[in-house]
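Structure first, then comments.
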Amino acid sequence: MTGQLAFVESPVQLLNVLEWAHAQVPSSGTSSADALTVVVLSPTDPMSRGQLRRMAQLARDQGLTVRWQEARGGRGALVRTLRELARPLRAAERVIIGDPFSRYVQLLLTLFSPRHLTVVDDGTATMEFAAQLGRGERLVRWHRKGSLGPRELVLAPVTTLARRRLAPAGNRTVEIFTSLPVEAPPGVTVTENAYAWTRDAFGPPLLTGGADLVGTSLVETGVVDADHYARVVDELARAHGATRYFAHRRESAEKLHRIAVDTGLQVVRPDLPLELTARRGPIGRTVVSFPSTVVHTLPLALAGTGVKVAVVEMAPEWLRATASPRAQGFLAGVADTAAHEVDRLTTRVTHHTDRLEFG
Numbered sequence: 008m009t010g011q012l013a014f015v016e017s018p019v020q021l022l023n024v025l026e027w028a029h030a031q032v033p034s035s036g037t038s039s040a041d042a043l044t045v046v047v048l049s050p051t052d053p054m055s056r057g058q059l060r061r062m063a064q065l066a067r068d069q070g071l072t073v074r075w076q077e078a079r080g081g082r083g084a085l086v087r088t089l090r091e092l093a094r095p096l097r098a099a100e101r102v103i104i105g106d107p108f109s110r111y112v113q114l115l116l117t118l119f120s121p122r123h124l125t126v127v128d129d130g131t132a133t134m135e136f137a138a139q140l141g142r143g144e145r146l147v148r149w150h151r152k153g154s155l156g157p158r159e160l161v162l163a164p165v166t167t168l169a170r171r172r173l174a175p176a177g178n179r180t181v182e183i184f185t186s187l188p189v190e191a192p193p194g195v196t197v198t199e200n201a202y203a204w205t206r207d208a209f210g211p212p213l214l215t216g217g218a219d220l221v222g223t224s225l226v227e228t229g230v231v232d233a234d235h236y237a238r239v240v241d242e243l244a245r246a247h248g249a250t251r252y253f254a255h256r257r258e259s260a261e262k263l264h265r266i267a268v269d270t271g272l273q274v275v276r277p278d279l280p281l282e283l284t285a286r287r288g289p290i291g292r293t294v295v296s297f298p299s300t301v302v303h304t305l306p307l308a309l310a311g312t313g314v315k316v317a318v319v320e321m322a323p324e325w326l327r328a329t330a331s332p333r334a335q336g337f338l339a340g341v342a343d344t345a346a347h348e349v350d351r352l353t354t355r356v357t358h359h360t361d362r363l364e365f366g
């Protein structure tokens, strides 16, 4: 196992590794798949594992070598994984990662310093990573509180060293391969991910009438109040004639059951990332999403199909009191920087009726 080594922990990361490999063909004239091995650092939640299994087969179909690593499989898994990956890591000319905030990836980077590093998208966190790298700040996920807890204090030396390994140096190049609007930190190359492989491999989709809603895990990450979220989903469904709700893989079963019962929406748990699910179809003529990566990626994946994407701009009163102080500004930035063809849906609370109105 030599050449190029990718570490992925989510289905979207693996999708974007496929997009990166596809994007190398025009410049080199040959596919990079033959020299690329993907190591799946398997998560524990069933939804992510199921989607990753399906994405892994798609990657094999494209000629990539995929190695499934039970990196979190009980006692001794970490040490075993590090021992098994030591040799291929040392031999890799390029390392591709999807989540620079991952403690697992950070630990790998402290042990082995790649000569060439590529970061692919795993959601809107890419925007925060680029900004923090450019400002020379420690790496902290946008929805986390700023103070360091006991675990963060213990891992602080790992995070500090990993941050240095994620930055360009005299003997190391860094590339960000992204569909998001990021400002390149000094010395970092930003390459556009146009979702060309997704468009070539799937669709165009059959379009249904009405609209589809795209769910978010903002409740599960402690950013948005659960009751408020359920009320907003109900109002969105009524306002846009939506019939389906595409669940985020991290949404809880309890929340999804509540949405199905209260709104009558058909809750769909996609077996692939939404970009592929939408491109395969069927998909609504309008897709309404909360601020998330899909308001940047779906317009690319669905280009030329006639599907309209709309983003719901989140008001401050949606947030929980315990949410990170950075949450409102970050989510507003995600919505504000969405593609020009994405519609903006503003919201306001009508206090005397306790209803949300969309304009």
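Using our numbering, read the sequence shown as starting at 8 and increasing by one per residue.
Backbone N, C-alpha and C define an ideal beta-carbon position, used for all residues, glycine too.
Can you give the Cα-Cα distance for A66 and L21, rounded to whole angstroms? Distance between the alpha carbons of A66 and L21: 8 Å.
Whole-Å CB distance - V240 paired with T270, under 8 Å assumed: Their Cβ separation, rounded to whole angstroms, is 6 Å, which keeps V240 and T270 in contact under 8 Å.
Chain-order list of residues whose beta-carbon lies under 7 Å from that of E100 (same chain, five-residue window excluded): Around E100: G10, Q11, R122, H123.
Which whole-angstrom value describes the C-beta separation of L243 and V316, a residue pair presumed to lie in contact below a C-beta threshold of 8 Å? Taking a contact as a CB-CB distance under 8 Å, the pair L243 and V316 does not count as one, their CB atoms being some 14 Å apart.
Applying the 10 Å Cβ sphere with the 16-neighbour rule, what's the burial state of L85? L85 is exposed by the Cβ-count criterion.
Per DSSP, what kind of secondary structure is V274 in: helix, strand or coil? Reduced to three states, the DSSP call for V274 is strand.
Where Q139 falls, given that 16 or more other Cβ within 10 Å makes a residue buried: Note on Q139: 16 or more other CB atoms within 10 angstroms of its CB, so buried under the neighbour-count rule.
Using the Cβ count rule (16 or more neighbours within 10 Å means buried), how would you classify G311? The residue is exposed, with fewer than 16 neighbouring Cβ atoms inside 10 Å.
So, at 6 Å on beta carbons, what are the nonlocal neighbours of T131 in its own chain, with the 5 sequence-adjacent residues on each side left out? Only residues of its own chain outside the window of five on either side were considered, and among them T300, V341 have a CB closer than 6 Å to the CB of T131, listed in chain order.
Local Cβ density within 10 Å of G222, reported as buried at 16 or more and exposed below that: Flag for G222 reads buried.
List in chain order: all unbroken beta strand (DSSP E) runs of 3+ residues lying wholly within the region 212 to 258. The region 212 to 258 contains these whole beta strand (DSSP E) runs: 214 to 221, 249 to 253.
With respect to 7 Å, is the separation between the Cβ of T185 and the closest non-hydrogen atom of the ligand GDP below this value? This structure lacks the ligand GDP, and indeed carries no ligand of any kind.
Write down the C-beta distance between G229 and R327 rounded to the nearest angstrom, noting that I regard them as a contact closer than 8 Å. Here G229 really is in contact with R327; their C-beta atoms are around 6 Å apart, less than 8 Å.
Alpha carbon to alpha carbon, how far is H176 from A137? Reading the sequence as shown, one finds Ala at residue 176 and not His. Whole-angstrom Cα-Cα distance: 16 Å.
Between the region 253 to 266 and the region 45 to 55, are three or more C-beta pairs nearer than 8 Å? Yes, they touch.
Of the residues A308, L352, P306, which one's Cα is nearest the Cα of A322? With distances taken between Cα atoms, A322 lies closest to L352.
Nearest-angstrom Cα distance between A119 and D350? It should be pointed out that residue 119 corresponds to Phe in this sequence rather than to Ala. Between F119 and D350, the C-alpha separation is close to 44 Å.
Beta-carbon separation (whole angstroms), P289 vs L220, contact threshold 8 Å: Going by Cβ atoms, the distance from P289 to L220 rounds to 15 Å, so no, they are not a contact pair.
Rounded to whole angstroms, what's the CA-CA distance from F337 to E320? Just pull it up for me. Straight-line measurement puts the Cα of E320 at about 12 Å from the Cα of F337.
Can you grab the Cα-Cα spacing for the pair H358 / H247, in whole Å? For H358, the predicted model reports a pLDDT of 41, less than 50, meaning its position is unreliable and no value from the coordinates is stated.
With DSSP run on the structure shown, which of helix, strand or coil describes H29? In the structure shown, H29 sits in a helix (DSSP, three-state: H, G or I).
What is the rounded straight-line gap between the Cα of Q273 and the Cα of V314? Between the alpha carbons of Q273 and V314 lies a gap of roughly 20 Å.
Assign R170 to one of two classes, buried (16 or more other C-beta atoms within 10 Å of its C-beta) or exposed (fewer than that). Buried, since its Cβ has 16 or more Cβ neighbours within 10 Å.
Counting only the same chain and skipping the five closest in sequence on each side, list residues whose C-beta sits under 7 Å from that of Q113. Excluding five sequence positions before and after Q113, the CB atoms of its chain that fall closer than 7 Å to its own CB belong to V165, T166, A169, given in chain order.
Using a threshold of 8 Å, state whether the C-beta atoms of W2 and V127 are closer than that. Here the chain comprises residues numbered 8 to 366, so residue 2 is not present and cannot be evaluated.
Would you give the residue range spanned by the beta strand (DSSP E) that Q64 belongs to? That residue, Q64, is in no beta strand (DSSP E); its alpha helix (DSSP H) goes 53 to 68.
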